[in-house]
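Peer 1: Numbering (our numbering), first residue to last: 24 to 449.
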Amino acid sequence: MLLSSLAAPFWSRCRSTSRDRDDRRARYPFCLKIVVVSYKNRSKNQSRRDDLKPAPFRADHVGSLIRPDYLIEARQQCAAGEIGADELKSVQEEAIREVVALQEAIGLCSVTDGEYNRGSWHTDFLLRFENVEPHQSAHKSTFRNAEGTIENKPHTVRVTGKLGRPNQIFVDDFKFLKSVTRETPKITIPSPSIMHFRGGREAIDTVAYPTMDEFYADLASVYAQEIGDLADAGCRYLQIDETNFAYLCDPALRAQVQTSIGEDPEELPHIYARLINAAIAGRPDDMAVCMHVCRGNFAGRWVAEGGYEPVADVMFNELNIDGYFLEYDSERAGGFEPLRFVPKGKRVVLGLVTTKHGQMESADELKRRIEEAAKFVDIEQLALSPQCGFSSGIGGNTMGIEDEKAKLSLVVKVAEEVWGAARAIS
24 MLLSSLAAPF WSRCRSTSRD RDDRRARYPF CLKIVVVSYK NRSKNQSRRD DLKPAPFRAD
84 HVGSLIRPDY LIEARQQCAA GEIGADELKS VQEEAIREVV ALQEAIGLCS VTDGEYNRGS
144 WHTDFLLRFE NVEPHQSAHK STFRNAEGTI ENKPHTVRVT GKLGRPNQIF VDDFKFLKSV
204 TRETPKITIP SPSIMHFRGG REAIDTVAYP TMDEFYADLA SVYAQEIGDL ADAGCRYLQI
264 DETNFAYLCD PALRAQVQTS IGEDPEELPH IYARLINAAI AGRPDDMAVC MHVCRGNFAG
324 RWVAEGGYEP VADVMFNELN IDGYFLEYDS ERAGGFEPLR FVPKGKRVVL GLVTTKHGQM
384 ESADELKRRI EEAAKFVDIE QLALSPQCGF SSGIGGNTMG IEDEKAKLSL VVKVAEEVWG
444 AARAIS
């Protein structure tokens, strides 16, 4: 009786018409156990999130920024043993101060550290988990651009034992960022779904985790610990970087999911929604959590293509998050029709400005596309950003810092002209 009564608010948010929710509850109980714990610690007003939060902002950005040459050189010197970790840290902090000042001067209301402390947008986080080690996937990824394709076996991770978090991961990074900005500091973390999607069941130790329910429960718990510590440090704007919802929009990748990791592409979005919800369930009521949905981004190349229709209902109505950074810089993302599923109380940040190349967009064209999107969702729920980060890893950029600055300035300019402010009006 207690379990069903506590879980009811969580499941009542799921609006899928194509699935039997009771059947999914029976098959995937891991999230119920976590929801029971988190709901005990939440105040009554945390069970509903009907009001738009200030973040994401009218003019926003995804997070990663182009690293200056001197920072890249310092990382290389540290790897070669020419300088120590303390000296590298000093260089990183100076670079972060500079990029924070750049963002503030442009007029952005959310500020990141550019991910300057990381070599990669995801593995620097995931490899800090206990019993997680680097692993090269057996399955190929194909990166595309107008010049052709590049195939590789991506570096990912595998789970060799029970998951844990021996130490805080990005908390100190956030504290430093918060100390050097007068605007809202935003921290980005990879989605927990990445721990499963890149390798599937075969990358998860079966002795430690005889069932996937146990794995998902522990994975969500580790994320919840880190998010809780970030909240205690003052974080009120968190972004989850998620590739797999976008990959599940691509017909070829949906077929590959069945053959490579043995999963049902129709079911995975529901599973991942529960996983993410469990990870963030204990967050403070005043913490905005957003999700960046990415089709792959490296050196101007992408992995996936296809509109959001296959995952839109699940993504917008089963995920208990506040906003979505959606790629919309090319025809690969499809039309704005899937935005009809966006409920009141959530915001969509339209990624209309590309980070794939330095060619500038037209302000008038951006405004036209915002008007087009507003046919499917209230314009007051919309915001503007680049389609992705400017530098998902070290190097490989197709533009310079001046191009980056110009594109971010354009985002602020257009947001002010469309909504009257770069900051959201709450």
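Glycine included, every Cβ here is placed at the ideal spot set by N, Cα and C. Only a predicted model underlies this, so the values are computations on that prediction, with no experimental measurement involved.
(1) So, is I227 buried or exposed, given that buried needs 16 or more other C-beta atoms within 10 angstroms?
(2) Which one or two residues does DSSP pair with V450 in a beta bridge?
(3) For M383, count neighbouring Cβ atoms within 10 angstroms of its own Cβ and tell me buried if that reaches 16, exposed if not.
(4) Is it buried or exposed for K67, if we count other Cβ within 10 angstroms and need 16 for buried?
(5) Have a look at S133 and Q410 and give me their C-alpha separation to the nearest angstrom.
(6) Quick check on the DSSP output: the beta strand (DSSP E) that includes Y93 runs from which residue to which?
(7) Within 8 angstroms, do at least three Cβ pairs link the stretch 106-113 to the stretch 434-446?
(8) Is the stretch 257-264 close to the stretch 219-238, with three or more CB pairs under 8 angstroms?
(9) Do you know whose CA, among L131, A254, E225, lies nearest T207's CA?
(10) Touch check for the stretch 361-372 and the stretch 391-401: three-plus C-beta pairs under 8 angstroms?
(11) Just the C-alpha distance for T190 and S385, rounded to the nearest angstrom, thanks.
(12) By DSSP, does M235 sit in helix, in strand, or in coil?
(13) If A396 sits next to L405, beta carbons under 8 angstroms apart, how far is it from one beta carbon to the other, in whole angstroms?
(14) Look at the alpha carbon of A438 and the alpha carbon of E153, and state the distance between them as a whole number of angstroms.
(15) Using the C-alpha atoms, what's the distance from G223 back to G285?
(16) Touch check for the stretch 201-219 and the stretch 264-271: three-plus C-beta pairs under 8 angstroms?
(17) Return the chain-ordered ranges of every alpha helix (DSSP H) run that is complete within the stretch 235-315 and spans a minimum of 4 residues.
(18) When you compare the CB positions of G346 and V316, do they come within less than 8 angstroms of one another, or not?
(19) For E290, count neighbouring C-beta atoms within 10 Å of its own C-beta (all shown protein chains included) and say buried if the count is 16 or more, exposed if not.
(20) Can you look up V400 in the DSSP assignment and give me helix, strand or coil?
(21) Contact defined as beta carbons within less than 8 angstroms: I believe G305 pairs with A247. What is the distance between those atoms, to the nearest angstrom?
(22) In the DSSP assignment, the alpha helix (DSSP H) including N340 goes from what residue to what residue?
(23) Kindly indicate which three-state DSSP category Q159 falls into: helix, strand or coil?
(24) Would you identify the three-state DSSP class for I393, choosing helix, strand or coil?
(25) So, D83 versus S408, is the Cβ gap smaller than 8 angstroms?
(26) Give the C-beta separation of E427 and L88 to the nearest angstrom, bearing in mind that I take them to be a contact with Cβ-Cβ under 8 angstroms.
(27) Based on Cα-Cα distance, which residue from H158, S202, K201 lies nearest to V182?
(28) Return helix, strand or coil for G187, following the three-state DSSP convention.
(29) Look at the Cβ atom of A356, then the Cβ atom of G330, and state whether they are nearer than 8 angstroms.
(30) Using the three-state DSSP reduction, which class does E440 fall into: helix, strand or coil?
(31) Taking the C-alpha atoms as reference points, what is the distance between I299 and E127?
(32) So what does DSSP say about E206, is it helix, strand or coil?
(33) Which one of V85, A78, R81, A118 has the shortest CA to CA distance from A97?
(34) Where does S113 fall in DSSP's three states?
(35) Quick one, which of A444, E116, G416, A445 has its alpha-carbon nearest D147's?
(36) Can you tell me whether D273 is buried or exposed? The criterion is at least 16 other CB atoms within 10 Å of its CB, across all chains shown.
Peer 2: According to the structure data:
(1) As a first step, residue 227 is located in the sequence shown; it is residue number 204 there, counting from the start. The residue is buried, with at least 16 neighbouring Cβ atoms inside 10 Å.
(2) The chain is shown only over 24 to 449; residue 450 falls outside these bounds and no answer can be derived.
(3) Numbered from 1 along the sequence shown, position 360 holds the residue referred to as residue 383. That one is exposed.
(4) Numbered from its first residue, the sequence shown carries residue 67 at position 44. Note that K67 has pLDDT 32, beneath the 50 cutoff, so the model's placement of it is unreliable and the number below is only indicative. Exposed is the call here.
(5) What you label residue 133 is simply residue 110 of the sequence shown in a count that begins at 1. What you label residue 410 is simply residue 387 of the sequence shown in a count that begins at 1. If you take the alpha carbons of S133 and Q410, they lie about 16 angstroms apart.
(6) Taking the sequence shown and counting its residues from 1, one reaches residue 93 at position 70. That residue, Y93, is in no beta strand (DSSP E); its alpha helix (DSSP H) goes 92-102.
(7) no
(8) no
(9) For the purposes of this step, residue 207 is taken as the residue at position 184 of the sequence shown. Considering only alpha carbons, the answer is L131.
(10) yes
(11) Translated into positions along the sequence shown, residue 190 becomes position 167. Translated into positions along the sequence shown, residue 385 becomes position 362. Note that residue 190 corresponds to Asn in the displayed sequence, not to Thr. N190 and S385: Cα-Cα distance of roughly 46 angstroms.
(12) Here residue 235 refers to the residue found at position 212 when the sequence shown is read from its first residue. Helix.
(13) On the sequence shown, position 373 is the one that residue 396 refers to. On the sequence shown, position 382 is the one that residue 405 refers to. Between L405 and A396 the Cβ distance is about 6 angstroms, and since that is below 8 angstroms, they are a contact.
(14) Numbered from its first residue, the sequence shown carries residue 438 at position 415. Numbered from its first residue, the sequence shown carries residue 153 at position 130. In a straight line, the C-alpha of A438 is about 43 angstroms away from that of E153.
(15) In the sequence shown, residue 285 corresponds to position 262, counting from 1. In the sequence shown, residue 223 corresponds to position 200, counting from 1. If you take the alpha carbons of G285 and G223, they lie about 8 angstroms apart.
(16) yes
(17) 235-255, 267-270, 274-283, 291-303
(18) Taking the sequence shown and counting its residues from 1, the one referred to as residue 346 is at position 323. Taking the sequence shown and counting its residues from 1, the one referred to as residue 316 is at position 293. For G346 and V316, no; Cβs fall outside 8 angstroms.
(19) Here residue 290 refers to the residue found at position 267 when the sequence shown is read from its first residue. Exposed, because fewer than 16 other Cβ atoms sit within 10 Å of the Cβ of E290.
(20) Residue 400 sits at position 377 when you count from the first residue of the sequence shown. DSSP places V400 in coil when its eight states are reduced to three.
(21) If you number the sequence shown from 1, residue 305 lands on position 282. If you number the sequence shown from 1, residue 247 lands on position 224. Rounded, the Cβ-Cβ distance is 5 angstroms, consistent with contact.
(22) Start at 1 with the first residue of the sequence shown, and residue 340 comes out as number 317. First-last of the alpha helix (DSSP H) with N340: 335-340.
(23) Here residue 159 is taken as the residue at index 136 of the sequence shown, counted from 1. It is a strand residue.
(24) To locate residue 393, count along the sequence shown from 1; it is residue 370. In this structure, I393 counts as helix in the three-state DSSP scheme.
(25) Taking the sequence shown and counting its residues from 1, one reaches residue 83 at position 60. Taking the sequence shown and counting its residues from 1, one reaches residue 408 at position 385. Yes. Within cutoff.
(26) As a first step, residue 427 must be located in the sequence shown, where it is residue number 404. As a first step, residue 88 must be located in the sequence shown, where it is residue number 65. Indeed they touch by this definition, with Cβ atoms about 7 angstroms apart.
(27) The residue labelled residue 182 in the question sits at position 159 within the sequence shown. The residue with the shortest Cα to Cα distance from V182 is H158.
(28) Counted from its first residue, the sequence shown places residue 187 at position 164. Here G187 sits in strand by DSSP.
(29) Counting from 1 along the sequence shown, the entry for residue 356 is found at position 333. Counting from 1 along the sequence shown, the entry for residue 330 is found at position 307. Yes.
(30) In the sequence shown, residue 440 corresponds to position 417, counting from 1. Helix at E440.
(31) Counted from its first residue, the sequence shown places residue 299 at position 276. Counted from its first residue, the sequence shown places residue 127 at position 104. One C-alpha to the other measures close to 31 angstroms.
(32) Locating residue 206 in the sequence shown gives position 183, where the first residue counts as 1. Here E206 sits in coil by DSSP.
(33) As a working note, residue 97 is residue 74 in the sequence shown. Among V85, A78, R81, A118, the Cα nearest to that of A97 is on A118.
(34) Within the sequence shown, residue 113 is the residue found at index 90, counting from 1. In the structure shown, S113 sits in a helix (DSSP, three-state: H, G or I).
(35) As a first step, residue 147 must be located in the sequence shown, where it is residue number 124. Minimum Cα distance to D147 is reached at G416.
(36) In the sequence shown, residue 273 corresponds to position 250, counting from 1. That one is buried.
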